[in-house]
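Reading through the structure tokens given below for one structure.
Residue numbers (our numbering): 9 to 295.
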């Protein structure tokens, strides 16, 4: 559940291990070098306290430098990273976690997750689900969690079948499943399953790689509420009890994504669920 009636950048979701995660995070996919460094600094300056990265993003060094340069106390910032989808071996998973800690320059990572149940080249194409291999990677996460080097652990892009495999064999329940969720692309079964198992759901690409911005129905709702289309879209997902991590680099978009201190009425919330025409197509800008 969300904690408190406060500005969205200060709102948190209580994970099943008692750790609080900010409900709004900064996505950093495809932000590299100075772009990643400056976006992270801008977000932290604006009030964000949740930064999402991954080994595959090749920006952990820059994000770690921005965290240090922000001068914000470490315990006030929530950092997520992800074990690369291609790593399906226990020893390699442990090595990769150590490398992420080193690149970020941190003593611990707040949340570490398996980026995908399958290597990206096979994602959605190969019926083989790497269940045995994912258990090996998850074992490494559990060990680092127990050692205090990871404060929370979880998965990403996992189907119900993939999560069930983990739940049947794990010692520590996953705290998070990070999946692609945006208006017109809402995997209700997966979300409901996770919530029933007390696993938080994070929505990545919540603005459909900018696809929501051209949807006429959302444009009309934005005018009605005197808000941006991004704000309508993110507010809707927050009202679904999801954590959102929109990608943004410019100060304008970073700040716009924070303007979520409003309520959608029940009819509009229900109406948004019926929208089925949001395209997904990234044009190189902020999400």
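Just so you know, even glycine gets a beta-carbon here, dropped at the ideal spot from N, CA and C.
Values in this document were obtained by computation on a predicted structure and should not be read as measured data.
Report the rounded CA-to-CA distance for residue i versus residue j, giving the unit in angstroms.
i, j, result
"residue 292", "residue 83", "Here the model assigns residue 292 a pLDDT of 48, short of 50, so the residue's position is not dependable, and the following value carries that caveat. One C-alpha to the other measures close to 33 Å."
"residue 150", "residue 255", "28 Å"
"residue 274", "residue 41", "43 Å"
"residue 35", "residue 210", "11 Å"
"residue 55", "residue 117", "20 Å"
"residue 281", "residue 220", "13 Å"
"residue 202", "residue 268", "25 Å"
"residue 28", "residue 65", "25 Å"
"residue 68", "residue 85", "15 Å"
"residue 213", "residue 253", "7 Å"
"residue 132", "residue 172", "18 Å"
"residue 245", "residue 190", "8 Å"
"residue 196", "residue 270", "24 Å"
"residue 90", "residue 45", "18 Å"
"residue 155", "residue 272", "43 Å"
Once the 5 residues before and after residue i are set aside, which same chain residues still bring their CB inside 8 Å of it?
i, result
"residue 230", "236, 237, 239, 240"
"residue 179", "150"
"residue 49", "74, 77, 78"
"residue 17", "30, 32, 54, 55, 56, 57, 266"
I'd like the list of long-range same chain contacts for residue i, defined as Cβ closer than 6 Å, with 5 residues on each side in sequence excluded.
i, result
"residue 93", "123, 124, 127, 128"
"residue 47", "39, 257"
"residue 105", "152"
"residue 206", "24"
Using only alpha-carbon positions, find the residue among the options that is nearest to residue i.
i, options, result
"residue 263", "52, 42, 201, 29", "52"
"residue 77", "22, 32, 113", "113"
"residue 59", "232, 24, 271, 119", "119"
"residue 115", "152, 245, 157", "157"
"residue 70", "183, 33, 111", "111"
"residue 140", "160, 153, 169", "169"
"residue 176", "88, 260, 142, 221", "142"
"residue 250", "79, 133, 32", "32"
"residue 167", "135, 279, 45, 80", "135"
"residue 266", "277, 242, 272", "242"
"residue 96", "181, 147, 37, 155", "147"
I need the DSSP call for residue i, collapsed to helix, strand or coil.
i, result
"residue 97", "coil"
"residue 204", "helix"
"residue 142", "helix"
"residue 10", "Summary for residue 10: the model assigns pLDDT 37, below 50, so the residue's position carries little reliability; its value from the coordinates is reported in the next sentence. Residue 10 falls in the strand class under three-state DSSP."
"residue 103", "helix"
"residue 178", "coil"
"residue 126", "coil"
"residue 113", "coil"
"residue 90", "strand"
"residue 148", "helix"
"residue 3", "Because the chain is modelled from 9 through 295, residue 3 falls outside the range shown and cannot be assessed."
"residue 67", "coil"
"residue 270", "coil"
Report all residues from its chain with a CB closer than 7 Å to the CB of residue i; omit the five preceding and five following residues, and keep chain order.
i, result
"residue 43", "257"
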